[in-house]
Each structure stands twice: as C-alpha cells, then as structure tokens.
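Q: Could you have a look at this structure, given as structure tokens, before my questions?
Protein chains in written order, with the working numbering: chain W, 7 to 141; chain Y, 39 to 172.
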C-alpha cells in the first residue's frame, strides 16, 4: 500500500524525537486512543468533539474501514493519510503525540520485513455503539 | 533481486563498526548520503571505512551510477514504483529484512525518520535527499 509520495529537496521538515519501540501500539490508532483514569482519548469521544458524522463511530475497523469515505482525495471525506498526518505532526497534537506517547511513524505503520512493504496498523473499534443518538 | 539485496545487506553489516549512542537530533537531514559516507577520524560516524552507496553497489555488481546526481531521487528513473524493482521495496528490504540480525534495526534503531520527513501542512510523507557524494 505504501507508495513513497514524493521525493523532495532536503531542507524540508525533518523529524526528531524518541525512538518508539516497534510494538508499543500493535493495533495503531485504537492502541493509543484509549480511555485511562486521567483522560478518555478514544476516537468516538474525539469524533463528538470534532463534530464528525455518526459514520465515524459506526466504523468497525480503524482506520481501514474509514477508507469507505477517506480512501483518497476523491472520497467524500478526503484522504485520511493527509488528515491524520497533518493533525499528528502539527501542534498542539504533535506535542502530545511525541512527548507524551513517544509517537512515531511506526505507531501507525508497520514494516512487513519479508516483502519490504510498509503497512497501516489496524484494529477493531474500542467503544460501544450509540445507536440512538441522532446526528 | 533477492541475491543482490542479501549481498548488499551483508556488505553493509560487515562494513560497520558500531558505536552505541542513540541519535537525538536529526543526524541525517539529507537521508541516504548523510549516513552513507567515508568515515574519517573524528567524524563521529558509527562505522569505519568507505560506506558510500556507489562502492557498496559496485560490490554487488551494480553498474556504474554515472548519471545520478541526487540521491535517491535519480534512482527512481529506473527503479520507479511501476518497475520490477521499485526503490522503496529494495531499500526497505535492505534495511529491514531479518530485523533480528539487520544492522539497520539492531544498531540504528530502524527509524523511518532517518530517511523520511513529514511535510506537515500538506500531510504528506517525503523522502529526504541530497547530492551524491561519490
């Protein structure tokens, strides 16, 4: 799936930060977006917050199921890669993502070491559906 | 292809004399060519000897890279995504195959960001590049 988008001149943004061990977040989004005693960071809560349609919390496989509307630019929701890259690499989310969670490419991606293909980590939603709430 | 990749991985491993230190700042702003260099005394590099890409490739029998100016951009003239040997596949395999033994993962932390950068406003991942050093 992973095609290296563009090859650009050097001086662009370069990344620093801690080394995330390969399997800190084995299922990607839903391994990091969890509820703890301090905060509920599950994506259903975030969807409410950013006023996403109910289609977000009704998706079963995160983020592969989001492709229904976010596969690429032509999808009704736009390309998920761009939305997610942009938000996680722009402050204030970036600060939290990197400093608090040691986030890195491999928090969401995984290298298939036999084929040399980078893949997206994925997992089942970690919340109960709210069927009745109208939106 | 696999044979070439294995050969390159072996040569790579043999050429490395590793010092253990964890990189914090971006040690490789230009990607490939910032790591693949000739190690001189006091350079702080984590290996000894000639680790540039051209001599490493020459050892695998790869033809002379006369027309390459920018690495790895110009490699994709032959190794495009649609070719039989896409550059991403080759380079990922050389650095990640057999991760328990691969020097890139065991000694260099296997970090994506040594070669990649993120264009945050565009939300697009990039490949760092720089002028050839051979």
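The beta carbon of each residue, even a glycine, is placed where N, CA and C say it ideally should be. This one's a predicted model, so the numbers in the text were calculated from it and none came from an experiment.
Would the beta-carbon of residue 173 of chain Y fall within 8 Å of that of residue 107 of chain Y?
A: No answer is possible for residue 173 of chain Y: it lies beyond the span of chain Y, which begins at 39 and ends at 172.
Q: Within the same chain, show all residues whose beta-carbon is closer than 7 Å to that of residue 133 of chain Y, passing over the 5 residues directly before and after it, in chain order.
A: So the list reads 140 and 142, once near-sequence residues are dropped.
Q: Between residue 49 of chain W and chain Y, is any beta-carbon pair separated by less than 8 Å?
A: By this cut-off, residue 49 of chain W is not an interface position.
Q: For the putative contact between residue 70 of chain W and residue 126 of chain W, defined by C-beta atoms under 8 Å, what is the C-beta separation to the nearest angstrom?
A: About 7 Å separates the two Cβ atoms, so the contact holds.
Q: Cα-Cα, which of Y:155, Y:91, Y:86 and Y:115 is closest to residue 66 of chain Y?
A: The option with the nearest alpha carbon to residue 66 of chain Y is Y:155.
Q: Starting from the beta carbon of residue 111 of chain W, find every residue of chain Y whose beta carbon is closer than 9 Å, and list them in chain order.
A: In chain order: 149, 150, 151, 154, 156 and 163.
Q: Chain W partners of residue 136 of chain Y, CB-CB under 8 Å?
A: Ordered by position in chain W, the residues that pass the 8 Å Cβ test against residue 136 of chain Y are 119.
Q: Are any of the Cβ atoms in chain A nearer than 8 Å to that of residue 103 of chain Y?
A: Judged by its chain identifiers, the structure shown contains no chain A, and its protein chains are W and Y.
Q: What does residue 37 of chain W reach in chain Y if we use C-beta pairs closer than 7 Å?
A: Going along chain Y, no residue has its Cβ under 7 Å from residue 37 of chain W, so there is no contact; the nearest lies around 18 Å.
Q: Taking only beta carbons into account, state which residues of the segment 122-138 of chain W come closer than 9 Å to chain Y, listed in chain order.
A: Those residues of the segment 122-138 of chain W that come within reach of chain Y (Cβ to Cβ, closer than 9 Å) are 122, 123 and 124.
Q: Out of curiosity, what's the CA-to-CA distance linking residue 110 of chain Y and residue 56 of chain W?
A: Straight-line Cα distance between these residues: approximately 39 Å.
Q: Do you know offhand how far residue 32 of chain W's Cα is from residue 127 of chain Y's?
A: Going from the Cα of residue 32 of chain W to the Cα of residue 127 of chain Y covers about 22 Å.
Q: At the 8 Å Cβ level, is residue 31 of chain W part of the contact set with chain Y, yes or no?
A: Output row for residue 31 of chain W: interface = no.
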